[in-house]
Amino acid sequence: MTQVGTIVWLSSELMFFAGMFAIYFTHRSVSDPAEWAAATDLLNMPLVVINTTILILSSFTCQFGVIAAQRHQARRTGSLLNVRGWGLQEWFTLTFIMGAVFIGGQITEYAELVEHGLMISNSSFGTVFYLTTGFHGIHVVGGLIAFLFVLGSSFVAGRFGHREEVRAHVVSYYWHFVDVIWVALFFVIYFLK
Amino acid sequence: MSQQTAGPDRKVKASSKTRPPMFLETVVFGAGVPVFAALAIVYGLLTNFTEPVGFIGLLLLAGLAGLVGFFLFITGRTIDARPEDDPLGTIESAAGEYGEFSPHSWWPFVLGLGAAVVFFGVAVGWWISGVGAVIGAIGLVGLIFEFSRGQHAH
Numbered sequence: 001m002t003q004v005g006t007i008v009w010l011s012s013e014l015m016f017f018a019g020m021f022a023i024y025f026t027h028r029s030v031s032d033p034a035e036w037a038a039a040t041d042l043l044n045m046p047l048v049v050i051n052t053t054i055l056i057l058s059s060f061t062c063q064f065g066v067i068a069a070q071r072h073q074a075r076r077t078g079s080l081l082n083v084r085g086w087g088l089q090e091w092f093t094l095t096f097i098m099g100a101v102f103i104g105g106q107i108t109e110y111a112e113l114v115e116h117g118l119m120i121s122n123s124s125f126g127t128v129f130y131l132t133t134g135f136h137g138i139h140v141v142g143g144l145i146a147f148l149f150v151l152g153s154s155f156v157a158g159r160f161g162h163r164e165e166v167r168a169h170v171v172s173y174y175w176h177f178v179d180v181i182w183v184a185l186f187f188v189i190y191f192l193k
Numbered sequence: 001m002s003q004q005t006a007g008p009d010r011k012v013k014a015s016s017k018t019r020p021p022m023f024l025e026t027v028v029f030g031a032g033v034p035v036f037a038a039l040a041i042v043y044g045l046l047t048n049f050t051e052p053v054g055f056i057g058l059l060l061l062a063g064l065a066g067l068v069g070f071f072l073f074i075t076g077r078t079i080d081a082r083p084e085d086d087p088l089g090t091i092e093s094a095a096g097e098y099g100e101f102s103p104h105s106w107w108p109f110v111l112g113l114g115a116a117v118v119f120f121g122v123a124v125g126w127w128i129s130g131v132g133a134v135i136g137a138i139g140l141v142g143l144i145f146e147f148s149r150g151q152h153a154h
């Protein structure tokens, strides 16, 4: 039941981002190409490639956490260095850290661009860039909060059960969704330009 | 009498036409992928790809159908056949538990109040939104942990 609701909601989220992409492509088609190229040249490619890699990898760590949740394993069995014995808490904590690093990288990127004079209000590219990546960033922050709630309920539960497993599942759906949206954004904004 | 003879008959028919669970649901949503993708291309050709909003929108509509269809496909592979999957299934065979629902809870009210105050703040003054965010956070924590603490602790 919870999974179905999450998917229905994610479908509506997909259409929200469809609107974002539509805004981007409309701006792209009506703005001056030279001005657009001057703005996209400011983008820091190495930083964003590293950031993207971290976000994609975090989807994998998230999925390992879900697999642990499916065995109803909240905590690690061996030492922290023994990755094979990790439970949901270790995997989701790692995912949380990776997501937080992604947000940190994005803030660094924004700060650099603002330093170079790219604002949301002074150029067409700036408007769509901050709108699309900013809304995506808000979604990532929302996912991080959701991870905290999953971790919280797994710590509170003396017996890790079906309820906790479902929570891990639906948050992973959301995280994969946000990840896929980022891959699309990355491709459109940083490669197609 | 007719009920008794329908029993074995039903089994034969169900096994001769074995479809995975949620087959119909998967097809209904999955069919949207080629339909909307084709529509997107037609739309693009008619507008010479100079109007990107409709093209992108229709393309992502195909993505929406694919997302729901894929979820139903994955779910269908993990669950057992439901009464809905039986062409001769009856309404009463679907009776039983549907899920886990809170009998009553005040926390959605707190959460809704928080959201209302946040938007009230957008209209009146931003500082009120901060108060709303705090109320919302309390409501969210209360809702999520409602069945993890107190008499429900497990």
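Same order as they appear, the protein sequences are chains A and B.
The first sequence lines up with residues 1 to 193 when you count with full-length UniProt numbering.
The second sequence lines up with residues 1 to 154 when you count with full-length UniProt numbering.
All residues carry an ideal CB built from backbone N, CA and C; glycine is no exception.
These numbers were taken from a predicted model, which means no experiment stands behind them.
Just reading off the alpha helix (DSSP H) that residue i is part of, what are its end residues?
i      : result
E164/A : H162 to F186
L42/A  : From DSSP, L42/A is part of no alpha helix (DSSP H); its letter is neither H nor E.
P83/B  : No alpha helix (DSSP H) contains P83/B, which DSSP labels as neither H nor E.
T94/B  : The sequence given here has Ala at residue 94/B, not Thr. Looking at the DSSP string, A94/B is not in any alpha helix (DSSP H), and its letter there is neither H nor E.
M15/A  : T2 to V30
I189/A : That residue, I189/A, is in no alpha helix (DSSP H); it is neither H nor E in DSSP.
F23/B  : F23 to G30
G78/A  : Unbroken run through G78/A: none, as it is neither H nor E.
S153/A : S124 to V156
R159/A : Per DSSP, R159/A belongs to no alpha helix (DSSP H) and is neither H nor E.
A153/B : It is not in any alpha helix (DSSP H) - A153/B carries neither H nor E in the DSSP assignment.
T50/B  : Unbroken run through T50/B: none, as it is neither H nor E.
Give the secondary structure of residue i by DSSP, where H, G and I count as helix, E and B as strand, and everything else as coil.
i             : result
F147/B        : coil
K11/B         : In this prediction, K11/B has a pLDDT of 47, which is less than 50 and means its spatial position is unreliable; nothing more can be read from the coordinates.
E112/A        : helix
N51/A         : helix
Q73/A         : coil
G87/A         : coil
F101/B        : coil
S121/A        : coil
A116/B        : helix
P108/B        : helix
P33/A         : helix
residue 167/B : No answer is possible for residue 167/B: it lies beyond the span of chain B, which begins at 1 and ends at 154.
V141/B        : helix
T18/B         : coil
G132/B        : helix
G44/B         : helix
G125/B        : coil
Is there at least one Cβ from chain A nearer than 7 Å to residue i's Cβ?
i      : result
F71/B  : yes
S148/B : yes
I144/B : yes
L67/B  : yes
L24/B  : no
P52/B  : yes
I56/B  : yes
G32/B  : no
G44/B  : no
L111/B : no
G114/B : no
L60/B  : yes
G64/B  : It should be noted that the sequence gives Leu, not Gly, for residue 64/B. Yes - at least one Cβ of chain A is within 7 Å of the one on L64/B.
G99/B  : yes
Within the 7 Å Cβ cut-off, does residue i reach chain B?
i     : result
M45/A : no
M1/A  : yes
Item to check | Chain-ordered residues of the segment 6–20 of chain A with a beta carbon less than 7 Å from chain B | outcome: Listed in sequence order: I7, L10, S11, L14, M15 and A18.
Checklist entry - Just by C-beta distance, which residues in the segment 119–137 of chain B are closer than 7 Å to chain A? => result Listed in sequence order: no entries.
Item to check | Interface residues of the segment 147–168 of chain A facing chain B [CB-CB below 8 Å] | outcome: Hits within the stretch, in order: F149, G152, S153, V156, A157, G158, R159, G161 and R163.
Next on the checklist: By the 7 Å beta-carbon criterion, what residues does the segment 20–32 of chain A contribute toward chain B?
Outcome noted: Only F21, A22, F25, T26 and S29 from the segment 20–32 of chain A bring a Cβ to less than 7 Å from some Cβ of chain B.
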